[in-house]
Amino acid sequence: MLGSTVVQAVAAVIALGVYFLPAILADRRKRHDLLTLALFNACLGWTGFGWLAALYWALQPNPPKDVATEVNETRRVVRMRTFSTMLIQRVQSRTSRNKNER
């Protein structure tokens, strides 16, 4: 009787470990969105698709901490490059126009 209870307890611990494997992997990989992933795993992990999606998510590289700031910075750099390119083209066109007038 006691032996079967111990076996059941060990089986339950192993089952929980496998069930929460995506969250455990995310924790080991120091993901920034660990809480969201763990909640997703807890709520939808009982479906095969939910568990596989959580596992895939856990194995992805860390997202940037502040995506909005990174997007705005990228846009600013692109605007600066565009402005610089247009300014250079304008200067070159004026220079060539001035040379033609002489």
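Residue numbers (my numbering): 23 to 124. Glycine included, every Cβ here is placed at the ideal spot set by N, Cα and C.
Which of the three DSSP states is assigned to residue i in this structure?
i           : result
residue 44  : helix
residue 97  : helix
residue 23  : coil
residue 63  : helix
residue 103 : helix
residue 119 : helix
residue 50  : helix
Any beta carbon of chain C sitting closer than 9 Å to that of residue i?
i          : result
residue 46 : Absent from the structure: chain C. Only one protein chain is present.
At which residues does the alpha helix (DSSP H) containing residue i begin and terminate?
i          : result
residue 73 : 70 to 81
Excluding five sequence neighbours on each side, which residues of the same chain lie with their C-beta closer than 8 Å to the C-beta of residue i?
i          : result
residue 62 : 72, 75, 76, 79
residue 92 : 86
residue 45 : 56, 59, 60, 63, 64, 76, 80
residue 67 : 41, 42, 44, 73, 76
Buried or exposed: where does residue i fall if 16 or more other Cβ atoms within 10 Å of its Cβ makes it buried?
i          : result
residue 59 : buried
residue 83 : exposed
residue 31 : exposed
residue 53 : buried
residue 33 : exposed
residue 90 : exposed
Between residue i and the ligand COA, is the CB less than 8 Å from at least one heavy atom?
i          : result
residue 87 : Looking for the ligand COA in the displayed structure turns up nothing, as the structure carries no ligands at all.
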